[in-house]
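Shown next, in structure tokens, is the structure this report addresses.
Protein chains: 2
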Amino acid sequence: MGMKTTAANKCQSHPATPELGLDGIPLFNGAAPAFLDKLKAASSTHDYAKGHVVFMQDDVAEWFYVVNSGWVKIFRQTLDGDEVIIDILPAGTLFGETELFSNHSFANSAEVVQDAKITAYPMSLLRNQISADPSFAVKMLEHILHGQREQTKEIEHRTIMNASQRLGCFLLRLINVKKIGPVVLHLPYDKTLIASRLGMQSETFSRALARLKSDLGMRVRGATIEIDSMDALISYTCSACSNAFPCAED
Amino acid sequence: MGMKTTAANKCQSHPATPELGLDGIPLFNGAAPAFLDKLKAASSTHDYAKGHVVFMQDDVAEWFYVVNSGWVKIFRQTLDGDEVIIDILPAGTLFGETELFSNHSFANSAEVVQDAKITAYPMSLLRNQISADPSFAVKMLEHILHGQREQTKEIEHRTIMNASQRLGCFLLRLINVKKIGPVVLHLPYDKTLIASRLGMQSETFSRALARLKSDLGMRVRGATIEIDSMDALISYTCSACSNAFPCAED
DNA sequence: CGATGGCTTGAGGGTATTCAAGTGACGTGG
DNA sequence: CCACGTCACTTGAATACCCTCAAGCCATCG
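Just so you know, the protein sequences line up as chains A and B, in that order.
Using our numbering, the first residue of the first sequence is number 28, and each one after it goes up by one.
Using our numbering, the first residue of the second sequence is number 28, and each one after it goes up by one.
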């Protein structure tokens with residue numbers, strides 16, 4: 028856990044707590060204490076190195092997970108060997124929970140991309156609670172629907188935004204607050220990884236960043252980026268999107 | 028309702044019944060009769076001409092809908108005026124139901140693209156039933172999760188498939204069964220519309236179709252397409268996808 | 001009959017990808 | 001301590017793919 032991760036947390040607006048368990052997740056806010064206790068009792072937490080595969084597409088889905096620290100990518104692999112990254116999850120994120128019913132097998136794969144601590148909880152407890160507790164079922168629905176809206180945005184972005192706009196959008200989401208003045212931020216993980224997260228090659232990423240530098244007067248040194256005019260970045264990026272700027276309501 | 032629509036129904040593997048209400052929708056299979064009665068009593072059905080806007084992004088979401096006949100597109104519009112089509116819905120499809128909670132406003136817009144009969148049901152009844160009937164809440168979750176998996180596929184397709192592959196995938200989904208021999212099918216709606224459904228321009232669609240013709244020996248006359256070798260189409264299309272062929276489990 | 005809308009085709013340009021080479025930072029091992 | 005390999009990143013050149021603009025075809029319909 029080097030400087031990079033610390034910087035990441037600062038800019039991701041996720042509190043820099045070393046351990047993020049169930050308590051930080053909105054889905055479980057206000058859940059029955061007995062349920063949470065059962066989950067915690069049945070959980071198991073492990074440290075994994077970069078490269079560890081948490082689950083593969085078509086694996087039987089018996090557990091769902093929480094990222095306590097580090098980063099995990101959710102992706103799919105084609106027969107050709109190409110890979111599409113669906114999302115890259117920061118600490119404090121739930122994953123695998125969407126395979127609740129679906130014939131009990133995962134639709135995506137999950138892999139650690141930066142050394143991570145991950146907690147696994149049995150899916151059966153989640154299923155049971157949904158059937159038993161209507162108010163939790165409602166919270167679960169809200170949780171899933173929120174994820175679905177994020178995915179719809181993703182479709183829009185990959186369809187009509189060009190590379191620099193997608194990158195601009197990524198940067199704006201990192202900042203995530205309405206700041207007018209100059210901003211300094213740090214990229215949370217490797218540029219190569221951001222590139223595939225945004226559905227482009229790393230060369231394209233590099234050129235997109237160069238374009239933002241020249242067009243918007245951004246300064247880049249390694250993973251550190253200085254932005255003079257948020258307004259310029261916002262108008263450059265968000266004009267190609269259906270959401271008004273402070274679009275990250277999460 | 029001309030020849031075109033009839034042909035469409037035949038190939039979409041949706042039964043060609045003139046009226047498709049709640050009863051044909053898996054979500055409501057086995058739902059409490061009292062609930063269904065209440066829904067039907069509170070519903071209102073209307074015919075709409077092509078171009079009618081059912082709801083707009085950010086509208087208050089007080090109703091959800093069922094397409095009884097015709098076609099409805101779900102889309103988003105950017106500040107630039109560009110439009111991204113998320114999906115095009117055939118008869119027998121539910122829509123608008125994903126805005127159950129989300130601050131009660133729609134994240135997408137919906138517009139009739141081929142004269143349609145549409146039934147509206149009050150969202151409040153759906154909300155109530157989910158809170159009151161755990162088994163229905165479970166069905167609702169399954170329904171939403173299924174939709175989310177479809178969207179994930181969509182992200183994958185728009186990220187790594189080229190135009191002809193996306194078109195090939197669209198054709199395969201129309202056929203939707205494991206057929207080995209030659210197949211004749213009819214496009215369900217305008218090519219222009221299919222093009223934007225697949226995230227490409229109509230010119231690109233035309234050229235993609237031409238490419239399938241020359242590369243795979245397909246014959247095209249208007250909206251009628253003859254395919255000699257399903258295997259050739261499948262290997263051409265599905266090698267760029269993470270799903271094995273008969274991927275339409277719906 | 002002209003107008004319209006859906007579709008096709010050609011030409012040109014822009015964006016992203018691929019292939020290739022090169023840089024710089026970092027860690028390992030001699 | 002330096003040599004070396006590795007890895008992330010950058011840059012250039014060539015190419016592939018898709019988009020835009022423009023023209024033209026064809027069927028439908030008033």
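Ideal Cβ placement from N, Cα and C applies to all residues, glycine included.
The beta carbons of threonine 186 of chain A and serine 70 of chain A sit no closer together than 8 angstroms. CA-to-CA, the gap between glycine 51 of chain A and glycine 119 of chain A works out to about 7 angstroms. Assignment of beta-bridge partners to threonine 146 of chain B by DSSP yields B:Thr72, B:Val93. Cβ neighbours of methionine 245 of chain B within its own chain (closer than 7 angstroms, five residues either side excluded): Leu239, Ile252, Glu253, Ile254. With three or more CB-CB distances shorter than 8 angstroms, the region 78–93 of chain B counts as touching the region 135–142 of chain B. The straight-line gap separating the alpha-carbon atoms of threonine 264 of chain A and alanine 235 of chain A is approximately 12 angstroms. Residue nearest to lysine 205 of chain A within the set A:Phe272, A:Ala164, A:Asp242, A:Ile115 is A:Phe272 (criterion: CA-CA distance).
For aspartate 114 of chain A, the enclosing beta strand (DSSP E) stretches over residues 110–116. Remark: C-beta atoms of leucine 153 of chain A and leucine 127 of chain A approach each other more closely than 8 angstroms. DSSP, reduced to helix, strand and coil, places phenylalanine 163 of chain A within a helical segment of the structure shown. Counting only runs of 3 or more residues that sit fully inside the region 179–219 of chain B, the beta strand (DSSP E) segments are 210–213, in chain order.
One finds Thr105, Asp109, Val111 in chain B with Cβ atoms closer than 7 angstroms to the Cβ of isoleucine 187 of chain A, taken in chain order. Inclusion of cysteine 196 of chain A and histidine 184 of chain A in the CB contact set at 8 angstroms is warranted, their separation being smaller than that value. Out of A:Lys100, A:Gln156, A:Val87, the CA that lies nearest to the CA of alanine 143 of chain A is found in A:Lys100. Using a Cβ-Cβ cut-off of 8 angstroms, cysteine 268 of chain A counts as an interface residue toward chain B, since at least one Cβ of chain B sits closer than that to its own.
Contact check for methionine 188 of chain A against cysteine 268 of chain A passes: the beta carbons are separated by less than 8 angstroms. Close CB contacts of methionine 257 of chain A within its chain, under the 7 angstroms cut and outside five residues either way in sequence, are with Lys206, Ile207, Val210 (chain order). Burial is judged here by how many other beta carbons sit within 10 angstroms of a residue's own beta carbon; proline 60 of chain B has fewer than 16 and is exposed.
Among the CB atoms of chain B, none fall inside 8 angstroms of the CB of threonine 231 of chain A. The beta carbon of glutamine 84 of chain A sits closer than 8 angstroms to some beta carbon of chain B. With its beta carbon at least 8 angstroms from every one in chain A, glutamate 138 of chain B lies outside the interface. Per DSSP, glutamate 253 of chain B lies in no alpha helix (DSSP H) segment; the continuous beta strand (DSSP E) that holds it begins and ends at 251–254.
For lysine 100 of chain A, the three-state secondary structure derived from DSSP is strand. Comparing alpha-carbon positions, the option among B:Gly48, B:Ser191, B:Phe133, B:Ser233 lying closest to phenylalanine 82 of chain B turns out to be B:Phe133. Rounded to the nearest whole angstrom, the CA to CA distance from serine 151 of chain A to glycine 97 of chain A is 26 angstroms.
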